[in-house]
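Numbering (the numbering used here), first residue to last: 33 to 264. Below is one structure, written out as structure tokens; the observations come after it.
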Ligand SMILES: NC(=O)c1ccc[n+]([C@@H]2O[C@H](COP(=O)([O-])OP(=O)(O)OC[C@H]3O[C@@H](n4cnc5c(N)ncnc54)[C@H](OP(=O)(O)O)[C@@H]3O)[C@@H](O)[C@H]2O)c1
């Protein structure tokens with residue numbers, strides 16, 4: 033593909049790297065989601081760098097080892113330095129500050145998988161008139177926020193294949209080039225990516241995650257289930 037570089041630092045070049053099947057991905061947060069997606073992307077030949085508050089801790093070293101030779105760890109700032117895509121996988125209360133501490137994101141895609149859950153998981157903190165994703169976009173305007181990976185459990189992220197069906201992963205955002213990158217990263221994990229439209233659609237995706245949590249924990253489905261959308 034021969035697209036012009038964009039004024040904001042070359043998202044077009046990210047797209048062509050996606051076509052070459054290899055991206056430098058910074059993963060902020062080395063918890064359940066960060067390590068699961070890091071391992072999936074490393075298997076898909078992406079170069080993963082974990083950004084952690086404690087990059088020398090045993091859990092981070094284990095996560096790096098699981099991802100193989102191309103993986104590294106450092107501080108969040110070190111991780112994003114040369115990243116072409118960034119996954120924000122920290123608890124919602126820490127999300128805005130984690131992004132703000134990174135400074136200028138130079139137009140790079142930032143995948144927001146956070147859910148603004150109440151501490152006891154009984155509901156979400158934000159309603160239908162805004163969303164965590166939109167609040168992050170307002171707090172970090174130099175990044176291109178794409179909501180994704182918030183509507184499935186870690187168990188499903190580790191294996192999104194259900195028999196002959198791939199679990200659906202919805203994503204949304206306002207920047208077409210960033211969405212192209214994230215769509216590919218969703219497919220690389222093994223999900224069926226479904227474009228849910230502009231970033232404001234996070235107002236639907238975040239409550240959808242709450243439905244998932246309700247089904248999993250209150251209705252007895254457990255975490256080995258996933259959403260699948262069908263069309264004819
Ligand atoms: N678990 C799921 O099934 C699931 C599914 C979909 C979406 N999500 C969302 O994905 C995000 C990450 O979830 P998770 O389950 O991976 O969480 P987690 O296991 O608690 O890990 C979060 C990681 O964020 C980092 N972090 C940075 N600042 C933090 C702070 N102030 N307090 C605690 N941790 C901090 C930590 O990594 P370092 O110590 O290395 O800095 C920590 O390991 C959340 O927003 C969650 O709502 C979770």
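Built from N, CA and C at the ideal position, the CB exists for glycine as well.
Original post:
With contact counted as at least three CB pairs below 8 Å, one residue from each stretch, are the region 205-218 and the region 227-243 in contact?
Top reply: yes
**OP:** Give every residue of the same chain whose Cβ lies closer than 7 Å to the Cβ of residue 187, excluding the five residues on either side of it in the sequence, and list them in chain order.
**Re:** 255, 256
Original post:
Going by Cα to Cα distance, which pick from 152, 89, 96 is closest to residue 250?
Top reply: 152
**OP:** Spatial neighbours of residue 221 within its chain, please: CB distance less than 6 Å, with the 5 preceding and 5 following residues excluded, ordered by chain position.
**Re:** 72
Original post:
Roughly how many angstroms separate the alpha carbons of residue 282 and residue 170, rounded to a whole number?
Top reply: Given that the chain is displayed from residue 33 to residue 264, the structure contains no residue 282 and the question cannot be resolved.
Original post:
Which class does residue 252 belong to by DSSP, given the choice of helix, strand or coil?
Top reply: coil
Subject >> Counted within 10 angstroms of its Cβ, other Cβ atoms place residue 252 as buried (16 or more) or exposed >> reply: exposed
Original post:
Do you know whose CA, among 62, 164, 214, 161, lies nearest residue 78's CA?
Top reply: 214
Original post:
What first and last residue would you give for the beta strand (DSSP E) that runs through residue 201?
Top reply: 200-205
Original post:
Hey, would you say the C-beta of residue 22 is under 7 Å away from at least one heavy atom of ligand 1?
Top reply: Summary: the structure shown does not reach residue 22, with the chain confined to residues 33 through 264, and so no result is reported for it.
Subject >> Residue(s) in a DSSP beta bridge with residue 142 >> reply: 118, 177
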